[in-house]
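Here's the structure, in structure tokens; my notes come after.
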Amino acid sequence: MLGEKILQMLQEEIPKAEYERYIKNLAYDEESSKADEAVYVAPNLFIANWVKTKYRHKIAQLFKLQTGIETSVKILTKKGFVQKSTPKEAKAEVPSSTSTKINPTYTFENFVVGSSNQFAYTASLSVAENPGKAYNPLFIYGGVGLGKTHLLHAIGNFNIKKNKTVIYATIEQFLNDFTYHLRNETLERFREKYRQCDILLIDDVQFLSGKERTQEEFFHTFNELHNDNKQIVLTSDQHPKKIAGLEERLKSRFEWGLIADIQPPELETKIAIIKKKCELDGIHLDDEIVNYIAANMDSNIREIEGVILKLNAYSSLVGQRIDLSLAKNVLSEMQKEQQKNISLKDIVDVVSAELNIKPSEIKSKSRNRQIVNARRMVIYLARTLTPNSMPALAQFFGMKDHTSVSHAMKKVKEMIEKDADFKLQIDELAHKIKNLGSEQK
Ligand code: ADP
Ligand code: MG
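Numbering-wise, the numbering used here comes out as the position in the sequence shown, counting from 1, plus 8.
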């Protein structure tokens, strides 16, 4: 069949690992395909997205080469496929078996360990090796894109291999599942699913906040599993104590076992992670470029991966080797895109909340040391995270002229160099502000 032949042709053009991991898993859907539209089905959304970004263009080219017809390529996931042909069945199937949602590439082997994530890694590994015995629950918390979900899936993958029943769900899926079965009066099935597993992996529990009914249900799920010595692993962006709108009894249970945090990776770990990703994706980047990306990107690994993918896509599109100037361009484009979403008010709000100062005080003329310090931090962050010029910032803060802004910048830079804790604080603030932007989108 042509659809399959095309994939074999693709195999000759791309790294073996890529073919094995992604392309091999595609099934050509002859029934849905047309002369000018090729449809493939991927086993999960992850693979579908990957193929879409990296190979759809190439597959289309190969079709054109073979048939002479301009062909569009569709990559569907199984679910989308089922829904299309038999909508009724798809509906009945909504909250389906969960083990398939575990990403097979998120393994312990593929996780780069550095001092920032060592603790969470070790804790995850011992839980994976001794589920229900080591620490129960294990609670992993840390900022966006630092590897929490990866570790959760790694625990899952490790135990799927041992034929354990693993359930992975984000708290949102848990909630959807719950309301679905509640509505259909099939709560028994819901409970069966979540309470009859060896390992329950629940991602992003901060979203339980304020959802009383779901908290109640989750509380019972937790108790039952815990009583049966079944392993529970949870992740969140914050320490359980700090999750607002979460019942005390849940907070206290979340602290029963072990709490492990993940910090933003240091430069060395970032470099190692980039190299690992390149190796897995069959992409070659010179050390110079790896170092540049590591030094100039924030610590969100997901964004770093985005840069690597983009670089690779650009270079295969124009058939150009990835060099430093290309890397610089891609990075600055991405950063500009992010900057567009950040307002000065966001920065003032985040910094003042963090330092316990009123936003109005930051824009005031107060010489109070704490306020002066906060104001400087806001200015520094505004200069680095938004495209505002120094005169524009001076105007916003009601300062005489841009020299005051430049003075503040100089002070903050000095402090960053001298004081590691201060640098960490600035990084954290920048991180918070950027995430604010992405949540609003
Ligand atoms: P989080 O759940 O904390 O927001 P993820 O687990 O989704 O973050 O990680 C984002 C991406 O970064 C994933 O693709 C993951 O594989 C990768 N990643 C994060 N930390 C590491 C690490 N230490 N080694 C390898 N990959 C990592
Ligand atoms: Mg996550």
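Just so it is clear, CB atoms sit at the ideal spot from N, CA and C, and this is done for glycine as well. It should be emphasised that the depicted structure is a prediction, and the values quoted were computed from it without experimental measurement.
For the 8 Å Cβ check, are there 3 or more pairs between the stretch 140-150 and the stretch 254-274? yes
Please enumerate, following chain order, all residues with a beta carbon closer than 7 Å to at least one heavy atom belonging to the ligand MG.
156, 157, 211, 212, 243
- Touching or not, the stretch 212-221 and the stretch 174-190, by the rule of three or more beta carbon pairs under 8 Å? yes
Neighbourhood of residue 80 by C-beta distance below 6 Å, restricted to the same chain and skipping five residues each side = 45
> CB-CB under 7 Å to residue 413, same chain, minus the five flanking residues each way: which ones, in chain order?
Replying inline: 387, 398, 401, 402, 407
Determine, using beta-carbon pairs with one atom in the stretch 150-159 and one in the stretch 185-199, whether at least three such pairs fall under 8 Å.
-> no
Exercise. Express the C-alpha separation of residue 394 and residue 345 in angstroms, rounding to a whole number.
Key: 10 Å
Legend entry - Same chain only: Cβ atoms within 8 Å of residue 305, ignoring 5 sequence neighbours per side: 278, 311, 312, 315, 339
*Quick one: what's got a C-beta closer than 7 Å to residue 156's C-beta in the same chain, skipping five residues either side?*
148, 150, 243, 270
Answer with buried or exposed for residue 9, where buried requires no fewer than 16 other C-beta atoms within 10 angstroms of its C-beta.
exposed
When DSSP builds the beta bridges, which residues end up paired with residue 80? 45
Buried or exposed (CB count within 10 angstroms, at least 16 for buried), residue 353 = exposed
Open item on the list: Under 8 Å, with one C-beta from each stretch per pair, do the stretch 277-296 and the stretch 254-265 reach the 3-pair mark?
Closed with: no
Thinking just about the alpha-carbon of each residue, which of 326, 328, 335 is nearest to the one in residue 303?
335
Which residue comes first and which comes last in the beta strand (DSSP E) that contains residue 269?
-> 266-270
Helix, strand or coil for residue 174, going by three-state DSSP, please let me know. strand
message = Could you compute how far the alpha carbon of residue 135 sits from the alpha carbon of residue 160?
response = 10 Å
| said: What residue range does the beta strand (DSSP E) around residue 204 cover? | reply: From DSSP, residue 204 is part of no beta strand (DSSP E); its letter is neither H nor E.
Using the Cβ count rule (16 or more neighbours within 10 Å means buried), how would you classify residue 327?
exposed
Exercise. Under 7 Å from any heavy atom of the ligand ADP, does the C-beta of residue 125 make it?
Worked result: yes
Cβ of residue 288 within 8 Å of Cβ of residue 115?
no
| request: With a 10 Å radius around its C-beta and 16 neighbouring C-beta atoms as the bar for buried, classify residue 190 as buried or exposed. | output: exposed
**OP:** Kindly indicate the opening and closing residues of the beta strand (DSSP E) around residue 243.
**Re:** 239-244
TODO: Please confirm whether any heavy atom of the ligand ADP lies closer than 7 Å to the CB of residue 154.
DONE: yes
Check your understanding: Does the stretch 318-325 touch the stretch 348-367, meaning 3 or more C-beta pairs lie closer than 8 Å?
Key -> no
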